[in-house]
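In terms of this note's numbering, the sequence shown opens at residue 79 and continues consecutively. Reviewing the structure listed below.
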Amino acid sequence: MSNEAIRQNQFLQNYPMKYEKSEVELLNATFSDEFGNNLKLVRKFLLQGELSQAEQENLNAIMSENVIALFKKVFIPEIDPDIPIQFHLNDPWVSVEITDRNVDHVFIELETVQLAIDYLSQRFKCLINKSEDDRDIKFSDLKFHKDKEPHKAIVDLAARNMLIARFNLQFNLLKGLAGDKIETQKEREARLFKNSTK
Numbered sequence: 079m080s081n082e083a084i085r086q087n088q089f090l091q092n093y094p095m096k097y098e099k100s101e102v103e104l105l106n107a108t109f110s111d112e113f114g115n116n117l118k119l120v121r122k123f124l125l126q127g128e129l130s131q132a133e134q135e136n137l138n139a140i141m142s143e144n145v146i147a148l149f150k151k152v153f154i155p156e157i158d159p160d161i162p163i164q165f166h167l168n169d170p171w172v173s174v175e176i177t178d179r180n181v182d183h184v185f186i187e188l189e190t191v192q193l194a195i196d197y198l199s200q201r202f203k204c205l206i207n208k209s210e211d212d213r214d215i216k217f218s219d220l221k222f223h224k225d226k227e228p229h230k231a232i233v234d235l236a237a238r239n240m241l242i243a244r245f246n247l248q249f250n251l252l253k254g255l256a257g258d259k260i261e262t263q264k265e266r267e268a269r270l271f272k273n274s275t276k
């Protein structure tokens, strides 16, 4: 393999980075149980599933301020001008395509993203306060119902589907990261060199 191919391979392995080493260590310490029960519990909470008293106590125990901050970063990222250059700038609005689209369709998507942000913000507020003190948006109400006004029905269902897709993707990623072995720089270089010689 040429030096250029090795450099490209290393670039692809390193890019895009989203989590700092300390965040992966936090995931490992908090969510590395074999069956992903703690992550499943967080997902259940975010979906407004009813928690038993034991589940609520476990959730309160695992969701420290740092863990909540990490989950907010995962599910409602904000543009951070101070992040390392190899990290992607990202927030929920980045995915909204506005070029060459009908204004009404774009506006529905904007409302959908805002509803998903509002829903998640409400859930994180409950996590921080360790209580169900704010349930203005009920996940179960986002399903389609024929009595809803058409515009609201579309926005609600789109937000519901967006949240489900996000949960599926991110919780699988988090489960993988929680089980990852933390490499030292020397181990990483050895692995990358080994992979480049295949």
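Think of the CB as a built atom: it goes at the ideal place given N, C-alpha and C, for glycine as much as any other residue. Fair warning: this is a prediction, and the values are worked out from it, not measured in the lab.
Check: How far does the alpha helix (DSSP H) with V174 in it reach, from first residue to last?; Outcome: Looking at the DSSP string, V174 is not in any alpha helix (DSSP H), and its letter there is neither H nor E.
Check: How close, in whole Å, do the beta carbons of F153 and K96 come, if the pair is a contact with beta carbons under 8 Å?; Outcome: Contact flag wrong, Cβ pair sits at about 13 Å.
Check: Report all residues from its chain with a CB closer than 8 Å to the CB of L117; omit the five preceding and five following residues, and keep chain order.; Outcome: F109, F249, L252, K253 and A256
Check: Does the region 229-236 touch the region 176-190, meaning 3 or more C-beta pairs lie closer than 8 Å?; Outcome: yes
Check: Give me the Cα-Cα distance between F245 and R121, rounded to the nearest whole angstrom.; Outcome: 7 Å
Check: Grouping DSSP H, G and I as helix and E and B as strand, with all else coil, what is F123?; Outcome: helix
Check: Could you tell me the alpha carbon to alpha carbon distance between S100 and K150, rounded to whole angstroms?; Outcome: 16 Å
Check: Throw me the rounded Cβ distance for the I146 and I242 pair, which I believe falls under 8 Å.; Outcome: 21 Å between Cβ atoms; not a contact.
Check: From the DSSP output, in three-state form, read off D211 for me.; Outcome: coil
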